[in-house]
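Notes for the one structure printed next.
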Amino acid sequence: MINVAICDDDVATTGKLETMLQEIAKRNFIQEETEVFWDGKRLVKAIETGACFDIVFLDIEMGKEDGITVARRIRETDKSVLIVYVTSHESYMQESFEVRPFRFLVKPVGEERLEACFREAYEEISSNDSYFRYNYQRLSHKVLIRDILYFESNRRKIYIVTEKEELELYGKLNEIEESLKESKAAFLRVHQSFLVNYKHVDGIGYDFVVMDNGKRISISEDRRKQISEEYCAMEDTFYVGR
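Numbering-wise, the sequence shown is residues 1 to 242 according to our numbering.
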């Protein structure tokens with residue numbers, strides 16, 4: 001089941017998007033449930049009080065609170081929801097990058113573009129539900145890949161850091177990096193001792209990345225050019241649809 005939120009202060013737009021999404025989901029044999037909001041504050045309040053959405057289609061130009069401000073507030077509570085901006089003006093795109101939008105759709109939104117976006121979002125959500133599995137102290141363990149901020153290697157021990165806990169195992173970071181290539185999750189080897197989840201990178205500098213928990217991790221000198229190129233390539237996965 002994919003839970004979708006549509007937030008736009010234009011009733012005609014929300015109605016059209018909701019109808020198209022229902023038809024697209026049915027065509028692709030995907031179960032989806034959509035909730036419509038005509039006010040960004042109501043959407044934020046719903047998320048803050050426990051509502052869980054996989055995808056949010058968010059208008060940038062709304063009345064009292066614009067979509068960029070709404071997205072910032074959403075990210076304070078939910079760092080993994082896929083945010084798709086729906087806009088009439090491409091000029092807002094650069095300003096909105098800080099909340100890591102999944103895609104941009106330009107109004108009027110055509111069904112073909114919406115379907116491509118929805119299917120890619122579904123694949124992203126499905127891949128992020130995969131687990132990293134490992135053994136430690138004679139027990140089998142698993143952790144959702146989407147919850148992993150980064151792996152840290154210290155001698156023979158590997159630490160798995162999530163927002164809520166720190167797990168450990170014995171192993172080699174090279175082997176973990178290789179095993180994660182089988183999943184669709186994007187990890188960056190910024191340092192010999194660190195493997196970070198791109199989805200949890202809040203920003204990047206010349207020689208460091210900042211994770212969304214505030215942790216600052218150095219990029220080793222020999223990896224700076226490669227990491228910069230890989231990060232930019234990942235950032236460029238959005239598109240504008242007409």
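Virtual Cβ for every residue (Gly too), placed ideally from N, Cα, C.
Would residue i pass as a contact of residue j if the rule is Cβ separation under 8 Å?
| i | j | result |
| --- | --- | --- |
| E23 | K41 | no |
| V86 | F118 | no |
| I6 | I125 | no |
| V4 | T49 | no |
| V36 | F53 | no |
Roughly how far, in whole angstroms, is the beta-carbon of residue i from the beta-carbon of residue j, given that I think they are within contact range, below 8 Å?
| i | j | result |
| --- | --- | --- |
| L167 | N197 | 14 Å between Cβ atoms; not a contact. |
| V70 | V44 | 6 Å |
| D78 | I47 | 6 Å |
| Y122 | I30 | 6 Å |
Does DSSP classify residue i as helix, strand or coil?
| i | result |
| --- | --- |
| A186 | coil |
| F212 | According to the sequence displayed, residue 212 carries Asp and not Phe. D212: coil per DSSP, three-state reduction. |
| I30 | coil |
| E23 | helix |
| M124 | Inspection of the sequence shows that residue 124 is occupied by Glu rather than by Met. Here E124 sits in helix by DSSP. |
| D66 | coil |
| F53 | coil |
Compare the C-alpha of residue i against each of the options and name the closest.
| i | options | result |
| --- | --- | --- |
| I219 | Y206, N3, M211, D212 | Y206 |
| K199 | S153, A25, I145 | I145 |
| Y170 | N135, E35, G15, R27 | N135 |
| D59 | C52, E165, I83 | I83 |
| I217 | S228, I204, K225, Q226 | I204 |
| S130 | A185, F151, E165 | A185 |
| E120 | N28, L195, G214 | N28 |
| R133 | S88, R224, E182, S153 | E182 |
| E32 | D39, L21, W38 | L21 |
| S193 | L17, N154, E235 | N154 |
| P108 | D10, K157, D39, T162 | D10 |
| A116 | R73, A25, W38 | A25 |
| V161 | G110, E178, N213 | N213 |
With burial defined as no fewer than 16 other Cβ atoms inside 10 Å of the residue's Cβ, what is the status of residue i: buried or exposed?
| i | result |
| --- | --- |
| A233 | exposed |
| F187 | buried |
| T14 | buried |
| V99 | buried |
| V209 | buried |
| A12 | exposed |
| R189 | buried |
| D8 | buried |
| L139 | exposed |
| G67 | buried |
Is there a Cβ of chain D sitting closer than 8 Å to that of residue i, yes or no?
| i | result |
| --- | --- |
| E230 | Absent from the structure is chain D; it holds one protein chain and no more. |
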